[in-house]
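Accompanying notes for the structure given below.
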Amino acid sequence: MNINRIKILKIMVLLVTVSLAMNTAAATLNVIIISDPTGQDPNGAAAGSMSYANNMFQSTFIFSPEDKFAVLSGGAEMNETNRLGAIVDTIKRFKNNETPSSAVTAASNYKGIRIMAGGPTIGAAVGGDFSVYVVTVADDGTIMVSPHRNGLAVLPAGTKGAIIHLRHTSSNPSGGDAEVIRRETAVMIGEKIRDGYSATEIMGDVFKKVSVEANENHGGGAINLVSSITTGDTFTPTEVNQPGFPMNEPYSKYDPECGWGVAYPAAESYSSCPLDGNPLKTAHAYDVLKTAITISPTNATVNTYGTDQPGIATTTSEVVKYSVNKNGFNANAIAQSINSAIDRGLLIGVNHVEPKDINIRENSKQVGVYFTPLGGGRTSPPWNLPISSTLLDIVGNLQTAIGLILVVLVLFRSTLITSFMKKR
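Each residue of the sequence shown is one higher than the last, beginning at 0 in numbering that gives the first Met the number 0.
Next comes the structure, spelled out in structure tokens:
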């Protein structure tokens with residue numbers, strides 16, 4: 000219990016610090032999708048948030064990888080005190096082993112606030128101020144889509160389905176009817192669960208539909224609730240009081256055959272893959288989100304360490320994904336691909352890596368790459384020639400000796416010729 004109190008205190012301090020730093024964002028899309036309520040499918044549950052508002056990272060989600068639950072928040076755009084209070088109360092209730100339907104009722108104590116929470120095996124619920132559809136999919140494929148407004152709405156544990164909230168941000172200048180799009184999206188979720196799609200794949204489709212049709216398109220982000228993989232700050236604003244990345248805009252270009260890719264704005268300089276010459280395709284942000292949180296035999300989450308050189312993390316991620324797509328999670332193959340990228344000038348300022356520098360966690364499809372920065376302002380490592388340095392020194396000395404002899408011959412050419420002719 001003491002440990003839980005310490006964790007809760009830390010969360011409260013973090014949230015209060017954020018609230019003092021900037022205005023609050025209101026997440027107008029909150030969604031939890033559970034396609035496998037047993038928790039066995041590594042892609043069977045996901046949560047996400049998106050909005051037109053600034054500072055979406057404040058309202059995206061709080062996730063407990065130990066207890067497998069996420070808390071999404073929103074509402075009352077300028078009342079950060081109420082929102083943060085509701086979040087903390089909800090987390091306290093989860094730590095006291097309360098169910099989602101019990102935990103989210105904390106939101107009702109804070110005017111204008113919405114809390115949505117849930118996990119792979121515990122179901123989901125939303126409390127407070129909301130406009131949602133609850134989707135359930137029976138084992139025989141029957142889909143139920145029911146509207147709920149304010150108070151409490153529940154997706155029971157052990158049930159395939161989803162809860163989706165969608166309203167328009169007050170500052171959103173355009174977009175379709177949120178009520179219509181909310182229902183259409185709920186129906187789409189139910190149909191895709193019925194047809195066997197995983198929650199993480201469906202989440203990408205939800206972000207696509209809402210960002211395109213409702214214009215509630217600022218990231219935000221999403222998380223795989225089973226495998227604990229998140230989009231992190233990929234789509235959140237780089238500066239405070241700014242919108243996140245528009246989820247319906249191009250994010251990167253990629254080679255569908257080898258897996259290599261590059262993000263914008265660098266992508267503007269590429270029309271073909273530098274590894275095999277294939278034409279590149281464009282991936283929108285919602286495509287990138289789906290790939291990022293979906294576990295597959297060849298999908299990898301890549302982290303780099305040892306350097307903060309610009310472009311290293313992005314390029315390394317694409318090179319590693321290319322290698323994994325081609326050779327699987329093989330440290331030797333990944334190291335060779337990275338070293339090839341260094342030799343080609345795609346990665347600069349770092350030394351060659353060895354297999355021991357590659358940390359692979361295949362169960363969660365994560366790869367860590369440990370770089371050693373080059374010193375002395377070098378951008379590329381020295382050539383690794385199949386000739387010893389001693390031999391090169393000998394060759395260099397011979398070249399120097401030959402050069403000196405040639406200089407002597409040039410300087411004393413006339414004298415040497417005259418001497419030679421006299422001897423004849």
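Quick reminder that beta carbons are idealized off the backbone N, C-alpha and C, glycines included.
Item, Value
"Mind checking which residues open and close the beta strand (DSSP E) that includes D204?", "It is not in any beta strand (DSSP E) - D204 instead sits in the alpha helix (DSSP H) that spans A198 to E212."
"Could you name each continuous alpha helix (DSSP H) segment of 4 residues or more that falls completely within the region 57–121, going from the start of the chain to the end?", "79–94 and 99–102"
"Which one or two residues does DSSP pair with P236 in a beta bridge?", "According to DSSP, P236 bridges with nothing at all."
"Could you tell me the boundaries of the alpha helix (DSSP H) in which A340 lies?", "A330 to D342"
"Could you give the C-beta distance for H459 and V131, rounded to a whole number, given that I count them as a contact under 8 Å?", "No answer is possible for residue 459: it lies beyond the span of the chain, which begins at 0 and ends at 423."
"Between A330 and P354, is the Cβ-Cβ spacing less than 8 Å?", "yes"
"In the DSSP output, what is Q365 paired with across the bridge?", "T300 and R360"
"Could you compute how far the alpha carbon of E65 sits from the alpha carbon of G118?", "11 Å"
"Give every residue of the same chain whose Cβ lies closer than 8 Å to the Cβ of R193, excluding the five residues on either side of it in the sequence, and list them in chain order.", "V136, G140 and I142"
"Taking the alpha helix (DSSP H) that V349 falls in, what are its first and last residues?", "First-last for V349: undefined, no H or E at that position."
"Give me the Cα-Cα distance between A45 and H164, rounded to the nearest whole angstrom.", "14 Å"
"Can you give me the C-alpha to C-alpha distance between S226 and M202, rounded to a whole angstrom?", "15 Å"
"For I294, name the three-state secondary structure that DSSP assigns.", "coil"
"DSSP three-state call for T176: helix, strand or coil?", "A quick correction: the sequence has Asp, not Thr, at residue 176. If DSSP states are grouped into helix, strand and coil, D176 belongs with coil."
"Just curious, the beta strand (DSSP E) that N326 is in, first and last residue?", "Premise fails: N326 lies in the alpha helix (DSSP H), I311 to N326, not in any beta strand (DSSP E)."
"Among R182, G157 and I114, which one has its Cα closest to the Cα of V454?", "No answer is possible for residue 454: the residues shown for the chain start at 0 and end at 423."
"Have a look at V206 and P242 and give me their C-alpha separation to the nearest angstrom.", "The amino acid occupying residue 206 in the given sequence is Phe; Val does not appear at that position. Taking the straight line from one Cα to the other gives about 16 Å."
"Would you decide whether P264 is buried or exposed? Buried here means 16 or more other CB atoms lie within 10 Å of its CB.", "exposed"
"Around the Cβ of V179, are there at least 16 other Cβ atoms within 10 angstroms (buried) or fewer (exposed)?", "exposed"
"With a cut-off of 8 Å, do at least 3 Cβ pairs link the region 229–248 to the region 304–322?", "no"
"Return yes when the Cβ of I33 is within less than 8 Å of the Cβ of A198, no when it is not.", "yes"
"Where does N214 land, buried or exposed, given buried means 16+ other C-beta within 10 angstroms?", "buried"
"Let me know the secondary structure DSSP gives T229 once reduced to three states.", "strand"
"Could you give the DSSP three-state label for A137: helix, strand or coil?", "coil"
"Please work out which residues of its chain come closer than 6 Å, Cβ to Cβ, to N22, disregarding the five sequence neighbours upstream and downstream, and give them in chain order.", "Reliability of the predicted coordinates at N22 is poor, the pLDDT of 39 falling under 50, and the value obtained from them is presented with this limitation in mind. There are no such residues."
"Report the three-state DSSP secondary structure of R182 (helix, strand or coil).", "helix"
"Please name the residue in Q39, N29 and G47 whose C-alpha comes closest to that of A291.", "G47"
"With a cut-off of 8 Å on the beta carbons, I'd call G127 and A85 a contact; round off their distance for me.", "7 Å"
"Would you list the one or two residues that DSSP bridges to V144?", "V134"
"Are the CB atoms of A334 and V352 nearer to each other than 8 Å?", "yes"
"Beta strand (DSSP E) containing K159: first to last residue?", "K159 to L165"
"Here's a check: name, in chain order, each residue in its chain whose Cβ is nearer than 7 Å to the Cβ of N95, leaving out the five neighbours to either side.", "none"
"Excluding the 5 residues flanking E212 on each side, which residues of the same chain have their C-beta closer than 6 Å to its C-beta?", "G175 and I180"
"Would you report the Cα separation of N247 and V287, rounded to the nearest angstrom?", "11 Å"
"If contacts are defined as beta-carbon pairs under 8 Å, then V301 and V366 qualify, I think. What distance do you get, rounded to the angstrom?", "5 Å"
"Please give me, in chain order, every unbroken run of the beta strand (DSSP E) with length at least 3 that falls completely inside the region 247–275.", "249–253 and 260–262"
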